[in-house]
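Protein chains in written order, with this note's numbering: chain W, 1239 to 1632; chain H, 1239 to 1632.
Working notes, beginning with the structure itself.
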């Protein structure tokens, strides 16, 4: 009997049930939705997977993110890359819609998309492997070395990026694992960085996040759908295949919270250039008030110190703007910010700002970049397409 | 001018603002609550901090947890221990109510309690340091070594435990850091283990969690407030100071997901003894159906294999029951379950079940205990009290 049971336990082999069957069973047997008087569960909320742009960039930021960098195994060619992309297109679509991936081994964990988005990016190696070096955007290379950097290999670089965001951490965990696993014969995970914001519902939608130093973080972002957003974020087609795509700069910024805690509140506010309670510039009273960098106090001293973070980060021209869509992290190796910046052109928009901050930023003693990676983010695609189809078939 | 600003930046010293002032400013300057048409934010939800029992045990599980073990610095005495407890009582009460801790360095991060609970536990060393060795419960020692254990020091043991749970990950991060920091001259963090369940709202309240193997996990739990719950969880007063307290066994159980994925669905269900879609026992159709361990198929073979997890875990007597309140984890070192078990008596309730599972459990090839710790959880206390007051002043 024990023998038989063991055979039953281990037998069977590849009899993975049909995906539709599993999904239907998971819903049909009822997780009890109908029986409760609760508000409609939010797990079913979805974000459109197909479109002109990939989702996950102009999407109202979800509560949780995982950034996964993968390295291509040696000896691959363009066809293998396209294979990976088609798998991610198919499984991304399924998961974003609340259906299990093909061959999903934990299909019940796929049933709550919770606004899941899957965003794919390309590191520099993609273009060599594909034999398309001439198509690589000029800015797609490691950022210049900044004096403040203390970069660690384990948080830097990568050939491919998967950005997985959702309002539920179980959804993110399942989707991340499923998408990396399905291509593991072709690519290996180089690093995974997980981040969080406030849970959905904790604060009203649209509240700017706070980082773990307690600062309101991301106030100057352009509004999704605005002309500013489109101009800052979406690549106009340089090179042509990237039209409607963008770039991601991901910086892992460790916060030196123990020494930050030694600063009193006024000193913190002068370092940032904003107050901590409302996130208002020191010359204003509300978060979205424009900072007045010319304002001085009765002694003629600038109210917003020129070396403060907001003063140093202030764009010197219209190019120096980009979208911040970061996440907090709190891991055994420390706490900080996964600073995620999206822009049409890294060199024109991101680098000058970062260069200026590296040279002088009153916040620098308390923030240390320990990871850095740059990716080209191909445009969106339709049901027949996949990430990078304009590159690989262009 | 730069000189002056630098002085303004670095000057000031210890001028931490009054707590009430900061709190009021944070709310008063308006995070925009009133201006929106959204449902009331859920960040303001609170769980009572004082009571007969500590909160965080019979509390409907929050979405996020951090378990922090601390080690006492050498040379402490009972007075120092009481000092730590009084700090945690005061700051725990404030944070659970949505107010900053005393001297909170990031007071704005304290304004959304999101059902925050802070639960304190004692490791074996507490009783020696306090000169109260005779008051140590007999079961408060490392669990017996089990054959399946692959324990790592970095996830095991500890003199004190802080269990911090809330529905928001920022709240958990802030409270965890604040509470450990405020006693760092007396105790150092030994390990931190962070876990998650579904976000609030993803599924209806009361849905049993799924672990990352996809299994419904925790079905057999007693209902909070029931006679079963009270009998299983709350210590009746052995020793007397622990009346209304309990014990926590925290096991970090790594899941071998890559090999688990090689099993087909029927084999998985036979290993667990439940189906995966609904979590129903193989002899039933709904999650809460009682398993029928005597049922056989047409060949006389038990429908629920005797070596399946549910069959091996089944209590052999009324003592062998306890509360499971675990959390998923997904960290760089692997994914799995923070198995948290609460019981009046570890030796009588938890150990025999774990012993039986270690000897034979069809799930064992796919689950590896890599961390283990046992704590006595003192009873609740009133506004004038603190965790362990019945021990230290008893």
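All residues carry an ideal CB built from backbone N, CA and C; glycine is no exception.
Residues near residue i by beta carbon distance below 6 Å, same chain, minus five either side
i: residue 1214/W; result: Since the first residue shown for chain W is 1239 and the last is 1632, residue 1214/W is missing from the structure and cannot be characterised.
i: residue 1285/W; result: 1293, 1297, 1353 and 1355
i: residue 1628/H; result: 1479
i: residue 1186/H; result: Outside the shown range of chain H, which is 1239 to 1632, sits residue 1186/H, and nothing can be said about it.
i: residue 1626/H; result: 1323 and 1616
i: residue 1375/W; result: 1614
i: residue 1460/H; result: 1466, 1467 and 1470
i: residue 1594/W; result: 1550
i: residue 1638/W; result: Since the first residue of chain W shown is 1239 and the last is 1632, residue 1638/W is not available in this structure.
Cβ-Cβ distance between residue i and residue j below 8 Å
i: residue 1624/W; j: residue 1434/W; result: no
i: residue 1612/H; j: residue 1380/H; result: yes
i: residue 1495/W; j: residue 1561/W; result: no
i: residue 1633/W; j: residue 1415/W; result: One cannot answer for residue 1633/W here, as it falls past the ends of chain W, which runs 1239 to 1632.
i: residue 1493/H; j: residue 1574/H; result: yes
i: residue 1454/H; j: residue 1437/W; result: no
i: residue 1387/H; j: residue 1302/H; result: no
i: residue 1497/H; j: residue 1603/H; result: yes
i: residue 1551/H; j: residue 1591/H; result: yes
i: residue 1578/H; j: residue 1501/H; result: no
i: residue 1639/W; j: residue 1430/W; result: Because chain W is modelled from 1239 through 1632, residue 1639/W falls outside the range shown and cannot be assessed.
i: residue 1444/W; j: residue 1401/W; result: no
i: residue 1635/W; j: residue 1351/W; result: Nothing about residue 1635/W can be reported from this structure: the residues present for chain W run from 1239 to 1632 only.
i: residue 1421/H; j: residue 1325/H; result: yes
i: residue 1440/W; j: residue 1336/H; result: no
Beta-carbon contacts of residue i that lie in its chain and below 8 Å, excluding the five residues immediately before and after
i: residue 1630/W; result: 1316, 1319, 1320, 1323, 1368 and 1370
i: residue 1518/W; result: 1512, 1524, 1525 and 1527
i: residue 1548/W; result: 1510, 1511, 1512, 1519, 1529 and 1542
i: residue 1385/W; result: 1596 and 1597
i: residue 1373/H; result: 1365, 1477, 1479, 1629 and 1632
i: residue 1585/W; result: 1376 and 1377
i: residue 1265/W; result: Confidence is the limiting factor: at residue 1265/W the pLDDT is only 33, short of 50, which leaves the residue's position unreliable, though a coordinate-based value still follows. 1349, listed in sequence order.
Strand pairing of residue i, partner residues [DSSP]
i: residue 1325/W; result: Beta-bridge pairing links residue 1325/W to no other residue.
i: residue 1448/W; result: 1454/W
i: residue 1543/H; result: DSSP lists no partner for residue 1543/H.
i: residue 1437/H; result: Paired residue(s): none; residue 1437/H is not in a bridge.
i: residue 1612/W; result: 1487/W
i: residue 1426/H; result: 1309/H
i: residue 1534/H; result: 1540/H
i: residue 1431/H; result: 1305/H
i: residue 1565/W; result: 1576/W
i: residue 1277/W; result: For residue 1277/W, which the question treats as bridged, DSSP gives no partner whatsoever.
i: residue 1607/H; result: 1491/H
Spatial neighbours of residue i in its chain, beta-carbon cut-off 7 Å, leaving aside the 5 residues before and after
i: residue 1474/W; result: 1481 and 1582
i: residue 1215/H; result: Here chain H covers residues 1239 to 1632 and nothing more, so residue 1215/H does not appear.
i: residue 1363/W; result: 1310 and 1397
i: residue 1291/W; result: 1472, 1482, 1617 and 1618
i: residue 1394/H; result: 1609, 1610 and 1611
i: residue 1572/W; result: 1492
i: residue 1412/H; result: 1344, 1347 and 1348
i: residue 1452/W; result: 1514
i: residue 1408/W; result: 1347
Report the residues of the segment 1576 to 1599 of chain H with a CB closer than 9 Å to any CB of chain W, ordered along the chain. none
Taking only runs of the beta strand (DSSP E) that begin and end inside the segment 1386 to 1419 of chain H, which ones reach a length of at least 3 residues, in chain order? 1398 to 1404
Cβ-based contacts, 7 Å cut-off: residues of the segment 1282 to 1314 of chain W near chain H: 1301
Give the list of continuous alpha helix (DSSP H) stretches no shorter than 4 residues that lie fully inside the segment 1456 to 1529 of chain W. 1465 to 1471, 1495 to 1498 and 1503 to 1510
Using a Cβ-Cβ cut-off of less than 7 Å, list which residues of the segment 1506 to 1523 of chain H approach chain W; keep chain order. 1508, 1509, 1514, 1515 and 1516
What are the uninterrupted segments assigned as beta strand (DSSP E) that are 3 or more residues long and contained completely in the segment 1568 to 1605 of chain W, given in chain order? 1572 to 1581
Return the chain-ordered ranges of every beta strand (DSSP E) run that is complete within the segment 1338 to 1393 of chain H and spans a minimum of 3 residues. 1355 to 1360
Using a Cβ-Cβ cutoff of 8 Å, what residues of the segment 1437 to 1458 of chain H are near chain W? List them in chain order. 1437, 1438, 1439, 1440, 1441, 1442, 1443, 1444, 1445, 1448, 1450, 1451 and 1452
Taking any Cβ of chain H, which residues in the segment 1343 to 1354 of chain W have a Cβ under 8 Å from it, in chain order? 1343, 1344, 1345, 1346, 1347, 1350 and 1352
Could you run through the segment 1522 to 1542 of chain W and flag, in chain order, every residue whose CB is less than 7 Å away from some CB of chain H? 1539
Near-chain H residues of the segment 1546 to 1568 of chain W - C-beta to any C-beta below 7 Å: 1566 and 1568
Could you list the residues in the segment 1390 to 1408 of chain W with a C-beta less than 8 Å from some C-beta on chain H, going in chain order? 1405, 1406, 1407 and 1408
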